[in-house]
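Offset between the sequence shown (1-based) and the working numbering: plus 38.
Think of the CB as a built atom: it goes at the ideal place given N, C-alpha and C, for glycine as much as any other residue.
Single-structure report; data block below.
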Amino acid sequence: MLPESVDRVRIFTCDWPAALLVPSDLIKKTIEEYAVLLLEGIEDALFAGSARQQDRSIVFIASCLGGLILTRALVRADDKRNRYYRIRAATRGIVFLATPFRGTSFQDVAAWAERGLRAKASLQGREVSRLLDSAKGSTFALEQSIGKFTMLCQDKDKPCEVFSFYELGTTSLPHKAFPWLPGWFHQRKQLVHRSSATLDIIPDPLPLDRPHSLMNKFRDAQCPDYKKVAGQIRGMVGKIRAGTPLEQADRWIREEHYTEGKLEIIRLSRERLPMDQCYINLSIVEQYGQDASDSKKKGDTVPSPFSIIARQKVEAPDQTMQVELATIFDEREGSDGQPMHPRRILIRGRAGVGKTTLCKKIIYEFTKGTWGKWNELFDRVLWVPLRNLKLPGRRSMARYTFEDLFSHEFLLPTDGRNLAGALSCVLAANRNKTLFLLDGLDEVSQDLTGDSGMARFLDQLLNQPNVIITSRPSAKAPLNPHLELETIGFGPSQVKEYIEKSFTDPKTAKTDQTKVNKVQSFLQERWLIQGLVRIPIQLDALCYTWDDLKPNALLNTMTGIYKEIELKLWKNDVLRLEKKHDEKELTEEHLKSAGRQKMERFIKDEMAFVESLAFTGLHNDVVDFSSVHLDSISDHFSPGLLPDKTLPSLSFLRTSDPSSEYHNRNYHFIHLTFQEYFAAQYFVRQWNDQNGQLLFLALDSKDKQTKVLPPAEFLRKHKYTASYDIFWRFVAGLLDGNGQALKFINTVEEEPLDLLGPTHQRLVMHCLSEISSSLPMREMLEKRLAQWLLLESTFNKTALLASEVEFPELALKTSLLEESTDVQRAILRSLVNRASIPPSIIEQAAARLDHGDGQVRHAAVEALGRRSELPEAVLSAVAARLDDGDRHVRRAAVEALGGRSELPEAVLTAALGGRSELPEAVLTAVAARLDDGDRHVRRAAVQALGGRSELPEAVLTAVAARLDDGEGLVRRAAVEVLIHS
């Protein structure tokens, strides 16, 4: 009958040994033994093989002494170390039918009835069951067991619903034991009365109109007593399926809040990007007060902070400082050398590097259970965009609580307050397993300060024990993060893989290898673009634009690439905006050959809005634009445009929460460089207009007055402002496209000038790198740059100018011809961190490998050793330094050659004096340095060999010998090599 009353359940029956008499040739079982047998039977029925998923709940229906056996079993299993714990964990409800928690009326006749039963058992060659002891009355052991069971049911993490029924019918125990007794001796009573059949945690047990023996037996589904029992079971199952308020909250967040749409990552083509193509690269900045830079070797060169690659945070990081997103909570060594378990993590990253993607990936992988360690540490991950704390309705509250946050952020469509309260209570637990993903600290750190209710709440939020906080670099770090990371660009292999997947047909899985090869060749020839496409959105833009790139377009500068990307995306936006020509909607075919000037006819207002938005944001240092900002800028620059209608169709702008209402949305450019590019477009538009004036609008200020300034005056005022560096590069590139570059450079050269420092030279150098046309004064400017480099090398012993790829090749070549050892050493050292070195400079550096000064040779080896591709002759010259008399040079040569997976035969021969054993020969030569007299050389040799997946036995033996090295770092390196070989 029960399957008709409760659907979607599997029903099992388990008969407990109810017989009063048992065989005499066996030792009588105790109630504890019956409990273990019950557990074993359930384990075998439910969990053996793949019989069921372990996350399904169990509801027990237990009658009479079977209920006592069940309570003992569950109390016994209530220990995570117990092999039956999963039965306890799955038990979510029990209905008791006349279970004697405090004994039965048998105690009233026990004195004579038990003697009679023993006599009866003796005549039959049997014994009385020990279960009868539990029916005599309440004992200390029974009360203690019931107390433990009550606590078990009230467990906050795994509560158990319980209900009980008691009998109203009477039973004659004497008649049951001795049917031949006369009627006047029957003594009919309730066998299990109300007070015994219920628990203190069951306030309202229900009676059934039947005797004890019929408490689990019903005539049919219409039986009134059956309806009572079935109704309670049905209600209990429904409640369990709904879950506790905490379970309901978790389920809602997991299934209804973190929807597929909320977590999807949209490419510029408006197609979804699969999660397996979302690469998140992280690098350690600091842990427990230890700056990652402290771990660098003394004397290491530092890349120029002014390089565009460094500014975009896409330079190749030290491999030892990289960390996988999935492992950020793993145990690691702290600054004091002791193991640490990071739980408070700060992740910094510039716009467009992938912080929002990082948040989506964390939620996606956690809900899928892909990163098992995370699901062991945390029960839930709560993604909170911190910008939402600034919404007027929340910010105006005198006191803001976690309950408010959960109601506003996650549970609005449901019984929010009840579920939010359950979530809030969990935070106070000793074992708080809630991870907060706090996204965008930079968006609130300046606003939510002081003693306001929201400022106090933000402080509480940031100080939670388990947090990941994302922020742009500008925000002040919260106190005591265990680990500070930064998002960095794609690695070379990821760029290659992304390109291949971009040109793979998803239907046929066939890759257009010709196109892939062309893109990769294009990147190899352009060092700057090669660096920029390590930013995810830039690579997506290049791949998306590739088919539309004009063969005759100048694509050797950043500006040239951005102009092509801009045109492609504007064409897409024209179609999305459903623009018309001659009353007919434009199609992709109509726009195929259209240039920017023609496109402007259809989207003049949109272009003006995007350009003015970019420039106003740059001037106000704003990268996230609220609806107030957007409306204000639109009113001043493009009054005919409706931002709430237009913005969703623009490719260059994104919102972090498309599902929210317009007035609650913030928009940002797809990458900061696109904001700088469009800001430059606005500047150039005014520069080219003889009467052009730059219009300045103050955002986030009570002063709504606008100001104007001629472009040339703005240039003089801000040409050395660091935040405008990339903006000026784009201005130079855009003006070069319409023949105005000379006038611009001449204005740059006017007063005021930075005469004592390199700031002016750096500005000129950066602007020249974006100008492709012939410039009459280029030769003079490059000569001056060479003079500044010599000055910097002579007096500061550094050459930061030369470390930037924008430094002109001719000027660099001229400077290296200088005879001064200090100058040559400084310039060669600067090349170590340069993203790209022209072939002529590689030749110049190789010529210094035989220099009489050891420091010059060392600098030359390091500069060349970092290059992934070198001519064979240069590699041979580097290999010859393995026997250099200077230990620093030998060490550098070992590192340079050890990091290469393959070496030409001629190089091996040169390195080994003509020996022909290949390819093991070069490894043997490096292994020979394991006995070097200098500890640094020994360590470098061990580490170089450690990069190999397979090593010859002789080499492994040589490495093993270093396990007894007197230098600890050498011993550690040897251990790591041997473990991974």
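1. One question on the structure: do leucine 135 and valine 44 come within less than 9 Å of each other, judged by their Cβ atoms?
2. Where arginine 767 and leucine 806 are concerned, what is the direct C-alpha to C-alpha distance, given to the nearest angstrom?
3. Rounded to the nearest angstrom, what separates leucine 828 and alanine 652 at their Cα positions?
4. Closest to isoleucine 291 by CA distance: which of Trp421, Ala717, Asp972 and Lys67 is it?
5. Counting pairs of Cβ atoms below 8 Å between the stretch 591-609 and the stretch 281-301, do you hit three or more?
6. Run through DSSP, which three-state label would valine 505 get?
7. Given a threshold of 16 other Cβ atoms within 10 Å of its Cβ, counted over all protein chains shown, does lysine 601 qualify as buried or as exposed?
8. Rank Lys194, Leu229 and Met189 by C-alpha distance to the C-alpha of tyrosine 1022 and give the top, closest one.
9. Spell out whether any CB of chain B is found under 9 Å from the CB atom of alanine 115.
10. Can you grab the Cα-Cα spacing for the pair tyrosine 700 / isoleucine 385, in whole Å?
11. Quick check: the Cα distance between proline 876 and aspartate 763, rounded to an integer number of angstroms?
12. With burial defined as no fewer than 16 other Cβ atoms inside 10 Å of the residue's Cβ, what is the status of alanine 235: buried or exposed?
13. Once DSSP output is grouped into helix, strand and coil, what is the label at asparagine 1027?
14. Excluding sequence positions up to five away, which residues of its chain have a Cβ less than 8 Å from the Cβ of threonine 785?
15. Which of helix, strand or coil does DSSP assign to glutamine 514?
16. Helix, strand or coil for leucine 84? Go by DSSP, reduced to three states.
17. So, helix, strand or coil for phenylalanine 495, using DSSP?
18. Which same chain residues end up closer than 7 Å to leucine 735 when comparing Cβ atoms and leaving out the 5 residues on each side of it in sequence?
19. According to DSSP, is phenylalanine 98 part of a helix, a strand, or is it coil?
20. Among residues of its own chain, excluding the 5 on either side of glutamate 538, which ones have a beta-carbon nearer than 7 Å to its beta-carbon?
21. Exposed or buried, which one is asparagine 120 when buried takes at least 16 other CB atoms within 10 Å?
22. When the Cα of glutamate 626 is compared with those of Lys606, Gln635, Asp620 and Phe690, which residue comes out closest?
23. Going residue by residue through the stretch 890-930, where are the continuous alpha helix (DSSP H) segments of at least 4 residues, counting only ones entirely within it?
24. Are at least three pairs of beta-carbons, each pair with one atom in the stretch 100-115 and one in the stretch 239-254, less than 8 Å apart?
25. Could you tell me if glutamine 719 is buried or exposed, where buried requires 16 or more neighbouring beta carbons within 10 angstroms of its beta carbon?
26. Are alanine 73 and arginine 110 touching if we call contact CB-CB under 9 Å?
27. Is serine 202 helix, strand or coil when you go by DSSP?
28. Which residue wins for smallest C-alpha separation from glutamate 817, given the options Glu830, Val802 and Ser831?
29. Mark leucine 855 as exposed unless 16 or more other C-beta atoms lie within 10 angstroms of its C-beta, in which case mark it buried.
30. Any contact of the stretch 899-909 with the stretch 865-882, i.e. 3+ C-beta pairs under 8 Å?
31. For leucine 875, does the three-state DSSP call read helix, strand or coil?
32. So, under 8 Å CB-CB, glycine 527 and valine 391 are touching, yes? Tell me the CB distance rounded to an integer number of Å.
33. Could you name each continuous alpha helix (DSSP H) segment of 4 residues or more that falls completely within the stretch 597-672, going from the start of the chain to the end?
34. Counting Cβ pairs, one atom from each stretch, are 3 or more of them under 8 Å apart for the stretch 391-404 and the stretch 505-521?
35. Measuring only the C-alpha atoms, how far is arginine 130 from cysteine 198?
36. How would you write the range of the alpha helix (DSSP H) that phenylalanine 139 sits in, first residue to last?
Reading off the structure:
1. The answer is no: Cβ separation not under 9 Å.
2. Note on geometry: alpha-carbon atoms of arginine 767 and leucine 806 lie some 8 Å from one another.
3. Alanine 652 has its alpha-carbon roughly 38 Å from the corresponding atom of leucine 828.
4. For isoleucine 291, the closest of Trp421, Ala717, Asp972 and Lys67 by C-alpha to C-alpha distance is Trp421.
5. The stretch 591-609, when compared against the stretch 281-301, does not touch it at the 8 Å Cβ threshold.
6. Annotated three-state conformation of valine 505 is strand, per DSSP.
7. Lysine 601 is classed as buried because its beta carbon has at least 16 other beta carbons within 10 Å across all chains shown.
8. A query on residue 1022 cannot be resolved here, the shown segment of the chain reaching from 39 to 1019 and no further.
9. No chain B is present in this structure, which holds just one protein chain.
10. Cα to Cα, tyrosine 700 sits roughly 28 Å from isoleucine 385.
11. Those two C-alpha atoms are separated by around 24 Å.
12. It counts as buried.
13. Any answer about residue 1027 is impossible in this case: the structure gives the chain only from 39 up to 1019.
14. For threonine 785, where only same-chain residues beyond five positions count, the Cβ hits under 8 Å are Ala750, Leu753 and Arg754.
15. A small fix is needed here, since residue 514 is lysine in this sequence, not glutamine. Assignment of lysine 514 by DSSP, reduced to helix, strand and coil, places it in the coil class.
16. Here leucine 84 sits in helix by DSSP.
17. Three-state DSSP puts phenylalanine 495 in a helix.
18. Cβ within range, chain order: Thr654, Ser670, Ile671, His674 and Thr744.
19. Strand at phenylalanine 98.
20. Closer than 7 Å at the Cβ level, and outside the excluded window around glutamate 538, lie Thr549 and Val554.
21. Asparagine 120 counts as exposed, since fewer than 16 other C-beta atoms from the protein chains shown sit within 10 angstroms of its C-beta.
22. Measuring from the Cα of glutamate 626, the nearest candidate turns out to be Lys606.
23. You should have 892-903 and 910-917.
24. Here the stretch 100-115 makes contact with the stretch 239-254; the two share three or more CB pairs at distances below 8 Å.
25. Classified as buried, glutamine 719 has 16 or more neighbouring CB atoms from the shown chains inside 10 Å of its CB.
26. Alanine 73 is a Cβ neighbour of arginine 110, given a cutoff of 9 Å.
27. In the structure shown, serine 202 adopts extended strand secondary structure according to DSSP, grouped into three states.
28. Among Glu830, Val802 and Ser831, the Cα nearest to that of glutamate 817 belongs to Val802.
29. Exposed.
30. Touching, yes.
31. Checking the displayed sequence, the identity of residue 875 turns out to be isoleucine instead of leucine. DSSP places isoleucine 875 outside both helix and strand once states are collapsed to three, so it counts as coil.
32. Indeed they touch by this definition, with Cβ atoms about 7 Å apart.
33. Taking only runs of at least 4 residues, the alpha helix (DSSP H) segments lying wholly in the stretch 597-672 are 634-638 and 642-658.
34. Yes, since at least three Cβ pairs between the stretch 391-404 and the stretch 505-521 fall closer than 8 Å, the two stretches touch.
35. Taking the straight line from one Cα to the other gives about 4 Å.
36. In the DSSP assignment, phenylalanine 139 falls outside any alpha helix (DSSP H) and carries neither an H nor an E.
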